[in-house]
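What the sequence shown shows, in our numbering, is residues 72 to 135, in sequence order. Note that beta-carbon positions come from the ideal geometry of N, C-alpha and C, so glycine has one too. What follows is a set of notes on a single structure, which appears directly below.
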Amino acid sequence: MARSDKNPSETEAILIALDQLSQTIDVMTSVVGRLRNHMQQQEAAASDQTKDLQIEMQSDRILH
Numbered sequence: 072m073a074r075s076d077k078n079p080s081e082t083e084a085i086l087i088a089l090d091q092l093s094q095t096i097d098v099m100t101s102v103v104g105r106l107r108n109h110m111q112q113q114e115a116a117a118s119d120q121t122k123d124l125q126i127e128m129q130s131d132r133i134l135h
């Protein structure tokens with residue numbers, strides 16, 4: 072099928088579908104970025120908590 076064989080409404084429908092796909096990809100990219108940031112923050116908080124616990128446990132030791 073040559074390009075000239077497609078009617079304008081079919082071309083318009085394809086362009087609309089491509090635009091919707093582009094918008095969907097943008098939204099998904101944003102969501103993935105936010106999830107990545109959230110996971111990194113949780114990992115950093117857990118790491119800080121572990122360090123604090125280790126320091127606390129070390130200070131509880133009695134030296135003779």
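Where residue i and residue j are concerned, what is the direct C-alpha to C-alpha distance, given to the nearest angstrom?
| i | j | result |
| --- | --- | --- |
| M110 | P79 | 46 Å |
| I96 | G104 | 12 Å |
| E83 | Q120 | 55 Å |
| M128 | L106 | 33 Å |
| Q91 | S101 | 15 Å |
Output needed for residue i: all residues of its chain with C-beta closer than 8 Å, excluding positions within five of it in sequence on either side, in chain order.
| i | result |
| --- | --- |
| D123 | none |
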